[in-house]
Structures are given as C-alpha cells and as structure tokens.
Amino acid sequence: MKSHIIIPARLHSTRLPEKLLLSATGKPLIQHTYEAAQRAQRPTGIIVATDHERIVTAVQAFDGNVVLTDPAAPSGTDRVAEVAEQLSDVDIIVNVQGDEPEILGSSIDLVIELLQNDPTAVMATLATPILSKSQLEDPACVKVVFNQSQQAMYFSRSVIPHPRTWDDSLLGKESGLFFQHVGLYAYRRL
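So this is what it looks like as structure tokens:
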C-alpha cells in the first residue's frame with residue numbers, strides 16, 4: 060500500500076497568526092514539521108498543502124514539496140482532501156498538522172500500520188495519556204474519549220470526560236481516563 064503525508068499549512072491561524080513562518084531557531088516552524096515527518100519510514104512522499112504564497116515560498120526555500128490550495132477552503136482537512144484528489148495512486152493519506160514539529164516518525168508509521176493491518180478501518184489517529192491537571196485544563200490540548208474498542212468517540216478542547224470530583228490518581232497511563240489527541244490522522248482511500 061502506498062502512503063503519503065500531507066501537511067495542511069494555513070498562514071492566518073486563529074490563535075497565533077503566521078505561526079508556521081516563525082523562525083526563532085533559524086528555520087520556520089513549517090520546516091521543522093516537514094523535517095520531523097521525513098523521519099517516518101513508511102510514507103512515499105510529503106506535500107505541504109497551503110493557502111498562501113508566503114508559505115509556498117518558505118517551503119520551496121528548503122526544497123520541500125508544496126501545493127497552493129483554494130484559499131477559501133474552510134479547514135486544513137479540506138486542503139488535505141484537495142491535494143489527496145490529485146494522488147489517485149496513493150492508498151493511505153496521513154494528515155500531519157503544520158504546527159507539530161515534534162511529531163515522531165514512528166507515530167506516523169504507526170497510524171499507517173494501523174490501517175494496513177485492519178482492512179475495515181477507514182481512519183486512524185493517536186492519543187497519549189494526559190499527565191497533569193494543567194495540561195488537562197489547557198484548551199490548546201485536544202482531549203479524546205474512546206469506546207471499549209479503542210475507537211475515538213469525541214474530541215474536545217474542554218475536559219472530557221468531566222469528573223464529578225477531582226483526584227490526582229485520575230491522571231496518567233494507569234487511569235486510562237484522560238487522553239490528549241496527537242495532531243495526526245491517517246485516511247484510507249475508498
């Protein structure tokens with residue numbers, strides 16, 4: 060099965076405009092994310108899907124692959140879908156958020172493997188246990204709730220599930236209660 064990474068990259072993000080072009084380390088954030096994605100072993104390629112020429116220029120400056128998408132696209136997922144339509148020979152599309160410079164190549168490989176190993180699955184994503192109350196209460200941390208089959212049921216920036224009373228033992232891997240969604244999705248072409 061052939062797989063490809065598409066990184067949606069919107070210039071005017073809501074919480075921090077132009078964050079993908081910020082270069083406090085000498086490289087723009089989008090380049091850090093692209094380079095992190097390159098560490099994955101399974102994908103056959105990477106494309107940045109952007110709504111703005113400034114991001115096109117930034118990606119071309121580090122010799123990355125980039126496609127200018129419809130600036131009216133309402134979301135990053137729509138940008139990913141627009142580029143995926145052009146990749147008819149690709150079976151699995153991996154959406155890596157543009158602001159995930161610390162994404163692990165092994166995480167990307169894992170979501171691809173999940174789809175390769177389960178022909179009934181049409182989508183895969185990852186989550187990690189939430190380890191602190193401050194992380195749990197942070198709206199920048201997207202929480203996810205799973206059913207008993209480990210399928211995601213609901214995503215929220217609010218605390219989910221909501222505990223009636225608080226106890227620090229609710230946190231961590233052992234409790235299995237609170238999980239942070241990793242900005243990563245894999246889709247099977249249908």
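Count along the sequence shown from 1, add 59, and you get the number used in this note's numbering.
Every residue, glycine too, gets a C-beta built ideally from N, C-alpha and C.
Note that this is a predicted model, so its numbers are computed, not measured.
Within its chain, find whatever has a CB closer than 8 Å to the CB of residue i; leave out the 5 residues flanking it on each side and keep chain order.
i    : result
L243 : V153, N154, V155, Q156, E159, I162, S166, I167, V170, T184, L185
Let me make sure I understand the geometry here. Which of the options has the alpha-carbon closest to that of residue i?
i    : options                : result
A120 : G85, R138, I151        : G85
G135 : G164, P188, L70        : L70
M60  : V241, P178, Q207       : P178
T92  : T73, D148, P67         : P67
I151 : Q194, I105, A117       : I105
Q97  : R223, F237, G123, Q194 : G123
K202 : A180, M182, V241, Q210 : V241
D197 : F237, S147, D226, Q209 : F237
V125 : R113, S72, R138, T109  : T109
How would you write the range of the beta strand (DSSP E) that residue i sits in, first residue to last?
i    : result
V203 : 202-205
S193 : Where S193 is concerned, there is no enclosing beta strand (DSSP E), although the alpha helix (DSSP H) it sits in stretches over 192-196.
I219 : That residue, I219, is in no beta strand (DSSP E); it is neither H nor E in DSSP.
V142 : It is not in any beta strand (DSSP E) - V142 instead sits in the alpha helix (DSSP H) that spans 135-143.
R247 : 238-247
V126 : 125-127
Please work out which residues of its chain come closer than 7 Å, Cβ to Cβ, to residue i, disregarding the five sequence neighbours upstream and downstream, and give them in chain order.
i    : result
L190 : L230, G231
S234 : S228
D129 : E141
M254 : Any answer about residue 254 is impossible in this case: the structure gives the chain only from 60 up to 249.
R113 : L70, L80
V115 : T109, V125, L127
Only counting the same chain, and skipping five residues up and downstream in sequence, which positions put a Cβ closer than 6 Å to that of residue i?
i    : result
H111 : L70
A99  : G164, I167, D168
V181 : R247
Please report the residue range of the alpha helix (DSSP H) in which residue i lies.
i   : result
H91 : 88-96
Query raised in the report: Would the stretch 217-225 and the stretch 115-134 be scored as touching if the rule is three or more Cβ pairs under 8 Å?
Result: The stretch 217-225 vs the stretch 115-134: no contact.
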